[in-house]
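These notes concern the structure reproduced below.
Structure, rendered in structure tokens:
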């Protein structure tokens with residue numbers, strides 16, 4: 001290995017020395033204060049900025065020359081045509097307003113010309129919607145397919161007939177092709193029913209009962225005695241046959257059946 005290469009290796013193979021300088025807070029300048037300025041400092045800064053922060057005038061030499069002249073040598077300013085007391089200012093404003101209006105008008109006309117298309121075309125009219133044949137999709141049946149030669153084209157009818165007999169002869173000899181499937185088809189009972197004209201009133205599903213000749217008697221409110229007897233009657237009707245209760249009472253020793261009346265089978269122990 002050459003000495004030059006050895007020197008390069010010794011110089012660049014050492015670990016990088018990372019030295020971070022400690023951060024030190026520099027002392028503030030005369031324009032930097034550790035805290036906000038007080039009122040007097042703001043007044044001093046405003047006076048300094050009013051004098052030194054304003055940009056220098058463009059005609060500084062002319063201003064200095066006028067200041068050096070004597071008061072007698074100062075020339076009086078000539079009256080300008082745009083003096084606020086001169087009538088020329090109003091004429092100038094009116095002419096400027098009129099010129100602006102004419103300019104806006106010409107620009108508007110130019111925009112209208114540019115907004116028109118270069119090649120005009122007629123308005124697009126959407127073609128009429130094509131009428132497709134009625135093909136209902138029935139449940140659990142194969143989808144209907146268009147037949148050969150259908151839908152049949154409409155016959156060409158002349159615009160006018162010279163005689164009534166010619167019109168009748170034309171319509172009598174015209175041939176309407178019938179579909180082969182329509183010739184072989186057999187109408188179902190429901191199709192025949194739907195093909196018939198609708199009748200009014202419609203046929204009821206169930207026969208209506210005959211109207212009562214005599215109106216039903218008006219209901220009356222039961223008295224306390226009638227309601228008590230009605231409950232006793234309902235209780236007796238809800239029980240099974242007395243013969244069955246008798247057999248059950250002889251067969252089991254349940255207290256529920258032993259307390260029943262032997263005459264009518266009611267819940268009372270003795271008949272009334």
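Residue numbers (UniProt numbering): 1 to 272. Glycine is no exception: its CB is placed at the ideal position from the N, C-alpha and C atoms. Just so you know, these numbers come straight off a predicted model, no measurement behind them.
**Message:** To the nearest angstrom, how far is the alpha carbon of residue 9 from that of residue 20?
**Reply:** Indexing the chain shown from 1 puts residue 9 at position 9. Indexing the chain shown from 1 puts residue 20 at position 20. Whole-angstrom Cα-Cα distance: 25 Å.
**Asked** For the 8 Å Cβ check, are there 3 or more pairs between the segment 159-170 and the segment 190-198?
**Response** no
**Asked** Using DSSP with H/G/I as helix, E/B as strand and the rest coil, what is residue 242?
**Response** Against the chain shown, residue 242 aligns to sequence position 242. Residue 242 falls in the helix class under three-state DSSP.
**Item:** Secondary structure of residue 152, DSSP reduced to three states
**Value:** Translated into the one-based positions of the chain shown, residue 152 becomes position 152. The answer is coil: DSSP assigns residue 152 none of H, G, I, E or B.
**Prompt:** Based on Cα-Cα distance, which residue from 137, 131, 217 lies nearest to residue 150?
**Reply:** Against the chain shown, residue 150 aligns to sequence position 150. When only C-alpha atoms are compared, the closest one is 131.
**Request:** With distances taken Cα to Cα, identify the nearest neighbour of residue 182 among 162, 147, 195, 63.
**Result:** Walking along the chain shown from the start, residue 182 turns up at place 182. Looking at the Cα atoms, 147 is the closest of the given residues.
**Request:** Pick helix, strand or coil for residue 21, following the three-state DSSP scheme.
**Result:** Numbered from 1 along the chain shown, position 21 holds the residue referred to as residue 21. Coil at residue 21, not helix or strand.
**Message:** With H, G and I counted as helix, E and B as strand and the rest as coil, what does DSSP make of residue 124?
**Reply:** For the purposes of this step, residue 124 is taken as residue 124 along the chain shown, with counting starting at 1. Residue 124: coil per DSSP, three-state reduction.
**Asked** Between residue 136 and chain C, is there a C-beta pair that is closer than 8 Å?
**Response** Within the model displayed, chain C is absent; a lone protein chain is all it includes.
**Request:** Under 8 Å by Cβ, that's how I've got residue 177 and residue 157 pegged, so tell me the actual separation to the nearest angstrom.
**Result:** Locating residue 177 in the chain shown gives position 177, counting from the first residue. Locating residue 157 in the chain shown gives position 157, counting from the first residue. So it is not a contact: roughly 17 Å between Cβ atoms.
**Request:** Note down, in chain order, each residue of its chain lying with its Cβ closer than 8 Å to the Cβ of residue 211, except the 5 sequence neighbours on either side.
**Result:** If you number the chain shown from 1, residue 211 lands on position 211. Nothing meets the Cβ criterion.
**Prompt:** In chain order, what residues of the same chain lie with their CB nearer than 7 Å to the CB of residue 65, ignoring the 5 residues before and after it?
**Reply:** Indexing the chain shown from 1 puts residue 65 at position 65. Counting only Cβ-Cβ distances below 7 Å, and skipping sequence neighbours, we find nothing.
**Prompt:** Whose C-beta lies closer than 6 Å to the C-beta of residue 215 among residues of the same chain, with five residues either side of it excluded?
**Reply:** Numbered from its first residue, the chain shown carries residue 215 at position 215. Correct list: empty, nothing qualifies.
**Prompt:** For residue 3, is the classification buried or exposed, using 16 other Cβ atoms within 10 angstroms of its Cβ as the cut-off for buried?
**Reply:** In the chain shown, counting from the first residue as 1, residue 3 sits at position 3. Looking at its Cβ environment, which holds fewer than 16 other Cβ atoms inside 10 Å, residue 3 is exposed.
**Request:** Starting from the C-beta of residue 185, find all residues in its chain whose C-beta is less than 6 Å away, skip the five residues before and the five after it, and write them out in chain order.
**Result:** Within the chain shown, the letter at position 185 stands for residue 185. If we look at residue 185 and ignore the five residues flanking it on each side, it has no Cβ neighbours.
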